[in-house]
Amino acid sequence: MSARPDAPRIEATPEAAPSPGPSADVEARLRQQAILSEFGVEALRSTDLGILLQRATALCAQGMSAEYCKALEYLRGQDTLLVRAGVGWKSDVIGQATVGADLASPAGYALKTGRPVISNHLAVETRFRTPQLMAEHGIRRAINVLIENRDGAFGVLEVDDSREGMFEEADIAFMQGFANLLGSAIERHRTEALLRAALARQDLLAREMSHRVKNSLAIVASLLTLQARANEGEPAVLAALQDARSRVEAIAVVHDQLWRQGGAEPEGGGAGEAVPGEIDLAPFLDKLVVNLASGAPTHRLTCRAEPQRLSADLAIPIGLLVNELVTNALKYAYPAARFPGGGEIRVRAEREAGGLCVEVADDGVGLPDGFEIGRASKSLGMRVVGSLARQLAGTLTIPPTGQGTSFRLSIPMEPGAA
Ligand SMILES: Nc1ncnc2c1ncn2[C@@H]1O[C@H](COP(=O)(O)OP(=O)(O)OP(=O)(O)O)[C@@H](O)[C@H]1O
Ligand SMILES: [Mg+2]
């Protein structure tokens, strides 16, 4: 510690000037304490272990006024110590050079016995040999402390110098302080890496599950298609099976969107931050409409939905309801005889005072005379629509239009509620 004659000294402040001031040794210890506490803060904040190890060696060398410092990681499989970080060494040392981990090397001794080692005269040392790396750099003296944590020994922190001088017992306390902070930081980094891996695995599992559910729904949909083909001679059965398939597909789309959006970045920079169990209504309805449009090439389907994050409990019934209404418009609004070129079907979803408004409109033939929502036919479609609207605590109306049909659902929502 008392090695460097040019070691930086703490200048006495003007107030302190009249007193003789602390001795050089006390000054050096105070400086070590200041460096140690500075490193403590950095160790707590660090996010990159490599950078932290490098910083530790730089500060440790500074605190010891030494030429060299290195952090050695113990490679168990090879029973050797690798230089992970350091200062003062030739450029090819860090990340490459190794030091023996046996009891005959000072670092190996500290590692294997757990005891700090000071050797002020390596050349005449009988306890240890001078490792090659040290000989190459003309190292005369070394001080080694163990870096450990609850996972066991990580490695060794070593300070070296090629100049005459003495490392002292008090230097061990300083270096051990560094090694202890490093040990805890390394443990935290490892635990965080394990947590990140566990989270990634859980995310993967959730995606895998969702993928399987989606595939299973696709299988159900194709079974219904097969069954429909087998009933081609019976138009009513055929239509019922095709409707059933379309409903299953709508649920599959909802599911697909849920796992794509749930907990991930909202698709296409959608509304707000992603929350598990919530999805953005806009891309969800877009996808649903694109799916329906692909089965009806003569018609023109458009979707204008404002970004709006909703809980899946709301999005699912909204999606199924839109599916029913668009399917109806595709089936009834534009009879081919009158509309050989098909027609336009518009889906719209936007915020309105006190909630959300979802509308499905066409410019077709209009609803049959006497059609009333509440007393809708025995047909399943409008009953499904009615029960979905109730589930959403919404109000379904048929606003008068000049041409065609428009269904509007108003869903009340608390401000900011999803
Ligand atoms: N957009 C529309 N344009 C014209 N008529 C429509 C429209 N939507 C619904 N209708 C009429 O309302 C009736 C009831 O629709 P609903 O969905 O309940 O039954 P469906 O589509 O015939 O059978 P499903 O139970 O398979 O849905 C339809 O038969 C049709 O006559
Ligand atoms: Mg229908």
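Residue numbers for the sequence shown follow the numbering used here, beginning at 208 and rising by one.
Every residue gets a Cβ at the ideal spot worked out from N, C-alpha and C, and that includes glycine.
Small disclaimer: the values here were computed from a predicted structure and weren't measured.
Apart from the five residues just before and just after residue i, which ones in its own chain have a Cβ nearer than 6 Å to its Cβ?
| i | result |
| --- | --- |
| T509 | R553 |
| V591 | E531 |
| I258 | none |
| G300 | Residue identity check: residue 300 is Val in the sequence provided, not Gly. Within the same chain, V300 has close Cβ partners V290. |
| R615 | E566, T604, P606 |
| G302 | none |
| V444 | N438 |
| V324 | P313, Y316, A317, N351 |
| V497 | none |
| R555 | R511, E566 |
In the DSSP assignment, find the beta strand (DSSP E) that holds residue i and state where it starts and stops.
| i | result |
| --- | --- |
| A437 | From DSSP, A437 is part of no beta strand (DSSP E) but of the alpha helix (DSSP H) over 376-437. |
| D487 | 485-487 |
| R357 | It is not in any beta strand (DSSP E) - R357 carries neither H nor E in the DSSP assignment. |
| G293 | 287-294 |
| E280 | 275-282 |
| I605 | I605 -> no beta strand (DSSP E), and no H or E assigned at all. |
| I580 | From DSSP, I580 is part of no beta strand (DSSP E); its letter is neither H nor E. |
| R615 | 613-619 |
If we ignore side chains and look at the alpha-carbon of each, how far apart do residue i and residue j end up?
| i | j | result |
| --- | --- | --- |
| P524 | N530 | 10 Å |
| A235 | A304 | 31 Å |
| A317 | D309 | 10 Å |
| F546 | A404 | 57 Å |
| R283 | Q261 | 22 Å |
| G548 | D493 | 23 Å |
| R436 | A407 | 43 Å |
| A380 | D368 | 18 Å |
| A273 | T337 | 18 Å |
| Q285 | I346 | 25 Å |
| N438 | K538 | 19 Å |
| S453 | V572 | 23 Å |
| F578 | I605 | 10 Å |
| G476 | S586 | At G476, the pLDDT of 47 sits below 50, so the modelled position is not reliable and the matter cannot be decided from this model. |
| T608 | V567 | 12 Å |
| P514 | E557 | 8 Å |
| A241 | F335 | 33 Å |
| G247 | S253 | 10 Å |
| G601 | L595 | 9 Å |
| L167 | A250 | The question about residue 167 has no answer, for the chain in this structure spans 208 to 625. |
| L599 | H396 | 47 Å |
| A377 | L411 | 52 Å |
| I426 | A543 | 31 Å |
| I393 | L288 | 16 Å |
| S501 | R507 | 10 Å |
| P575 | A540 | 10 Å |
| I618 | L499 | 23 Å |
| K152 | A265 | It is not possible to answer for residue 152, since the shown part of the chain is limited to 208 through 625. |
| H344 | E280 | 20 Å |
| A471 | G307 | Because A471 sits at a pLDDT of 46, beneath the cut-off of 50, its placement in the model cannot be relied upon, and the following sentence gives the value as read from the coordinates. If you take the alpha carbons of A471 and G307, they lie about 48 Å apart. |
| A409 | L430 | Note on identity: in this sequence residue 409 is Gln, with Ala being the wrong assignment. Each residue's alpha carbon lies about 31 Å from the other. |
| L256 | M382 | 18 Å |
| A311 | R419 | 59 Å |
Near residue i, which residues of its chain fall below 7 Å by C-beta distance, leaving aside the five closest residues on each side in sequence?
| i | result |
| --- | --- |
| D570 | G550, E551, Q610, G611 |
| A457 | L495, G526, L527, N530 |
| E449 | The displayed chain sequence assigns Gln, not Glu, to residue 449. The residues are A435. |
| A522 | V461, I486, L488, F491 |
| A446 | none |
| K421 | A459, H462, D463 |
| F385 | L243, F246, A263, C267, L364 |
| Q339 | none |
| D358 | E394, R397 |
| T432 | R452 |
Using C-beta distances below 8 Å, list every residue in its chain close to residue i, excluding the 5 sequence neighbours before and after it, in chain order.
| i | result |
| --- | --- |
| R414 | W466 |
| M160 | Not covered by the structure: residue 160. The range shown for the chain is 208 to 625. |
| S417 | H462, D463, L465, W466 |
| A268 | E274, Y275, C276, V294, G295, V366 |
| G321 | L353, E355, A360 |
| G588 | D450, E531, T534, N535 |
| L329 | P313, F335, T337, M341, I346, R347, R348, A349 |
| V455 | L424, V427, A428, L431 |
Start and end of the alpha helix (DSSP H) containing residue i?
| i | result |
| --- | --- |
| I258 | 256-271 |
| E234 | 231-252 |
| S594 | 587-598 |
| V342 | Here residue 342 turns out to be Ala, not Val, going by the sequence shown. Note, A342: alpha helix (DSSP H), 339-343. |
_Inside the stretch 299-335 only - beta strand (DSSP E) runs reaching at least 3 residues_ = 305-307, 324-326
_Extract the residue ranges of the beta strand (DSSP E) inside the stretch 511-570, only unbroken runs of 3 or more that lie entirely within it._
516-518, 551-559, 562-569
*Can we say the stretch 384-397 touches the stretch 288-304, given the rule of at least three CB pairs closer than 8 Å?*
no
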